[in-house]
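Residue numbers (our numbering), protein chains in the order written: chain A, 1 to 424; chain B, 1001 to 1264.
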């Protein structure tokens, strides 16, 4: 862990504290200079809304979000191992909107009319915008996993890839699993949300099994040809901590599931599970497609990385997991950073300035391999080719040398700080 | 020339001829895909005298962008059932060894064919597919983030090196999806500062798949085939009682084979 990053964390915490100053919460007294609607109050949307209010106090910001509370996907795998409970990952939106001068509408978006710049809400309301920000995260491509179509089937096989009731459901199945049973999890082909997440999950399911069901087995079917993030660190952790528990089988995509019998047909084998956890293939949250931000047959929104404007439709910006930000991962940290870049670009837009053309993003992904050991990968990204992509800043990427309890503590601090940065 | 001999001939050309092409690399990237020296050489060596057809009868597809150039999935569409090519070649125009692989295809083979390749950098990848009368050509530009031609440090071969996996799905309308995988590191050669090979490549050179002795597929592999060679394709009318046999050989003289009953 470099000093630079620690300093950055401290700076983040200081920033979060400063938001408690009443100046930020001043409601608009004069007519707004612009109207921005943000769809989704997750890592990207909440950050955009909060920083836009801070940097462009005369802009009216409306956030559409159906949930009462934010639940963090990062560190939700720890619920499976007993290292955290869901309550510790849940932040009620509570006074967030009022404290930040944001209008929070509890609803979902039914339709978007980019011509008239209007958002139709499922509850019947309508919102007008000058700029629309979509931060919808991912939706699951259930059609790619025959047998998993339909709500009944999905309820029997939790993905737990969006934290909340799904996480609790998977933990309950783990608890109910017989000792000597088989836990089968499947990993979709990249890109998907949180590249190291499935390997962290395998580690933490193994943590639970080693303690409570020592005769059980964990089989990981990976559509990818190998562990795609922090490979050496995960391999070492599995070898040293769970030498006989985890069976990792790469190049073995799931082809079909039977959710009644809990069987899986993969590219090379048939398996029966006592607990089955299919992480389905993913694509941009559906509203991004309906807004016209995706091309025919594309899975992710195309944006310009200077101001995240959708390439295919005017007046709409897309950030976070719904974009193809490669080489930056689909992570909460990256969505948070993109939210700030976008907030600055929108503040510039409403002030009649050009956006800053060389924004810099950072990313940190901590992964736990037990309840008290973790490691990280961190990197800095810059804009490439006039906004057409992101690129790794020269020499900026690094991973931990080894797992450690110190990093587990830092990982928890990272979460507390970044949640406070977006939802303070 | 018999099929296996033809493949062996191709294999030796891949090792000797392909290296000589690397001089033209920098120039090559700017030329139109079919005019690049590596593609011209492949055509001259493997498919002389066939008229070239760049219609969309065949196609090569891949992801918009791939993080790890060591595993780039590509999918080859190989024309209609009636007009399936009998020999194809795949060329990664800007790789140090551009010829990725050549495949001879038997009658019961059907596309599309999916495999994984290594790319040194973002580049045009060209599919050449010969029927009796024509050479179809298709190209696509594949973007990668990290180079896939890192020679790597790990010298220990996997304990299950050479393990062969195969499976086909139940046939539908006489066609069954099939896939095979062979565990092998497929290590590229390492060159020192003066561009002399300091550690030779270690990769599978040949994969042969037969059904009851009749060739289904013969693949000559260069070092640009990704680790753990993986092929997914379609098989015409697999019948109970038939046996599929897969064999491989590598640059170190190792090899292996395995037999799989069909139709179950």
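We put the CB at the ideal spot given by N, CA and C, even for glycine.
Exercise. Counting only beta-carbon atoms, is residue 200 (chain A) nearer than 8 Å to chain B?
Worked result: Answer no: the Cβ-Cβ gap between residue 200 (chain A) and chain B never drops below 8 Å.
Problem set entry | CB of residue 1102 (chain B) within 8 Å of CB of residue 1220 (chain B), strictly | Result yes, Cβ atoms of residue 1102 (chain B) and residue 1220 (chain B) sit closer than 8 Å.
Problem set entry | 7 Å Cβ shell around residue 21 (chain A) - same chain, five flanking residues per side excluded | For residue 21 (chain A), the pLDDT reaches just 41, beneath the cut-off of 50, and the residue's location in the model is therefore unreliable, although a value from the coordinates is still provided. Taking residue 21 (chain A) as the centre and dropping the five residues before and after it, the same chain places no C-beta closer than 7 Å to its C-beta.
For this session: Could you pull the start and end residues of the alpha helix (DSSP H) that residue 278 (chain A) belongs to?
Result: The continuous stretches of alpha helix (DSSP H) do not include residue 278 (chain A), which lies in the beta strand (DSSP E) extending over residues 275-278.
Exercise. Residue 1227 (chain B) CB to nearest chain A CB: under 8 Å?
Worked result: By this cut-off, residue 1227 (chain B) is an interface position.
For this session: Anything in chain A within Cβ reach of residue 1264 (chain B), meaning under 8 Å, just list it in chain order.
Result: Correct list: empty, because the minimum Cβ distance to chain A is about 12 Å.
Exercise. So which residues on chain A does residue 1145 (chain B) lean against when the C-beta distance must stay under 7 Å?
Worked result: Within 7 Å Cβ-Cβ: 326 and 327.
Problem set entry | Interface partners of residue 251 (chain A) on chain B, CB under 7 Å | Result: 1181, 1228 and 1230.
For this session: Confirm the yes/no value for this check: CB of residue 89 (chain A), any heavy atom of the ligand FMN, distance under 7 Å.
Result: Of ligands this structure carries none, so the ligand FMN is not represented either.
Problem set entry | Buried/exposed call for residue 1196 (chain B), threshold 16 Cβ in 10 Å | Exposed, since its Cβ has fewer than 16 Cβ neighbours within 10 Å.
Exercise. Can you find a C-beta in chain B that's less than 8 Å from the C-beta of residue 311 (chain A)?
Worked result: Judged by the 8 Å Cβ criterion, residue 311 (chain A) is not in contact with chain B.
For this session: Jot down the residue ranges of each uninterrupted beta strand (DSSP E) in the stretch 309-353 of chain A, minimum 3 residues, whole runs only, in chain order.
Result: Runs of beta strand (DSSP E) with 3 or more residues, each lying fully within the stretch 309-353 of chain A, are found at 316-318, listed in chain order.
Exercise. Opposite residue 1236 (chain B) in the DSSP bridges: which residues?
Worked result: Residue pairing of residue 1236 (chain B) in beta bridges, as defined by DSSP: B:1175.
Exercise. Is there a Cβ from chain A that is less than 8 Å from the Cβ of residue 1203 (chain B)?
Worked result: Judged by the 8 Å Cβ criterion, residue 1203 (chain B) is not in contact with chain A.
Exercise. Which value, in whole angstroms, describes the spacing of the CA atoms of residue 1071 (chain B) and residue 254 (chain A)?
Worked result: Just so you know, the alpha carbons of residue 1071 (chain B) and residue 254 (chain A) end up roughly 19 Å apart.
Problem set entry | Enclosing beta strand (DSSP E) for residue 34 (chain A) [first to last residue] | Taken as a continuous stretch (DSSP letters only), the beta strand (DSSP E) holding residue 34 (chain A) covers 34-39.
For this session: Determine contact between the stretch 399-411 of chain A and the stretch 371-384 of chain A, defined as no fewer than three beta-carbon pairs at a distance below 8 Å.
Result: With the cut-off at 8 Å, the stretch 399-411 of chain A and the stretch 371-384 of chain A touch.
Exercise. Roughly how many angstroms separate the alpha carbons of residue 1325 (chain B) and residue 1144 (chain B), rounded to a whole number?
Worked result: It is not possible to answer for residue 1325 (chain B), since the shown part of chain B is limited to 1001 through 1264.
Exercise. Whole-angstrom Cβ separation of residue 110 (chain A) and residue 121 (chain A), contact assumed at under 8 Å?
Worked result: That pair is a contact at about 6 Å.
Exercise. So residue 120 (chain A) is in the beta strand (DSSP E); what residue range does that whole segment cover?
Worked result: Run containing residue 120 (chain A): 118-121, per the beta strand (DSSP E) assignment.
For this session: Kindly indicate which three-state DSSP category residue 1095 (chain B) falls into: helix, strand or coil?
Result: Correct three-state label for residue 1095 (chain B): coil.
For this session: Go through its chain and collect everything with a Cβ distance to residue 119 (chain A)'s Cβ below 6 Å, but skip five positions before and after it.
Result: Around residue 119 (chain A): 37, 109, 112 and 127.
For this session: Please classify residue 161 (chain A): does DSSP put it in a helix, a strand, or coil?
Result: Of the three classes helix, strand and coil, the one that applies to residue 161 (chain A) here is coil, per DSSP.
Exercise. By the 10 Å Cβ neighbour count, where 16 or more other Cβ atoms means buried, how is residue 388 (chain A) classified, buried or exposed?
Worked result: Answer is exposed; the Cβ neighbour count stays below 16.
Exercise. What are the start and end residues of each continuous alpha helix (DSSP H) run of 4 or more residues lying completely inside the stretch 88-140 of chain A, in chain order?
Worked result: Correct list: 96-100.
For this session: Just tell me which of B:1133, B:1224, B:1088 and B:1094 has its CA closest to the CA of residue 1109 (chain B).
Result: For residue 1109 (chain B), the closest of B:1133, B:1224, B:1088 and B:1094 by C-alpha to C-alpha distance is B:1088.
For this session: For residue 1071 (chain B), go through chain A and note every residue whose CB falls closer than 7 Å to its CB, in chain order.
Result: Result: 225.
For this session: Tell me, please, whether the stretch 67-81 of chain A touches the stretch 350-364 of chain A by the rule of three or more beta-carbon pairs shorter than 8 Å.
Result: Contact fails between the stretch 67-81 of chain A and the stretch 350-364 of chain A, because fewer than three Cβ pairs, one in each stretch, are under 8 Å apart.
Exercise. How should residue 321 (chain A) be labelled, buried or exposed, when 16 other C-beta atoms within 10 angstroms of its C-beta is the threshold for buried?
Worked result: The residue in question, residue 321 (chain A), is buried, as its Cβ has 16 or more Cβ neighbours within 10 Å.
Exercise. Identify the residues that DSSP records as bridge partners of residue 282 (chain A): which are they?
Worked result: Beta-bridge annotation (DSSP): residue 282 (chain A) is paired with A:140.
For this session: Whole angstroms is fine: what's the gap from residue 1083 (chain B)'s alpha carbon to residue 295 (chain A)'s?
Result: Approximately 32 Å, taken between the alpha carbons.
Exercise. Quick one: complete beta strand (DSSP E) runs, 3+ long, within the stretch 143-225 of chain A?
Worked result: Complete beta strand (DSSP E) runs here, min 3: 182-187 and 217-222.
Exercise. Which class does residue 43 (chain A) belong to by DSSP, given the choice of helix, strand or coil?
Worked result: DSSP, reduced to helix, strand and coil, places residue 43 (chain A) within a helical segment of the structure shown.
Exercise. Cα-Cα, which of A:144, A:145 and A:197 is closest to residue 368 (chain A)?
Worked result: Closest in alpha carbon position to residue 368 (chain A), among A:144, A:145 and A:197, is A:197.
Exercise. Are the C-beta of residue 1064 (chain B) and some C-beta of chain A separated by less than 8 Å?
Worked result: Chain A contact via Cβ: present.
Exercise. Can the beta-carbon of residue 268 (chain A) be found less than 8 Å from the beta-carbon of residue 1181 (chain B)?
Worked result: Taking the C-beta atoms as reference points, residue 1181 (chain B) is found nearer than 8 Å to residue 268 (chain A).
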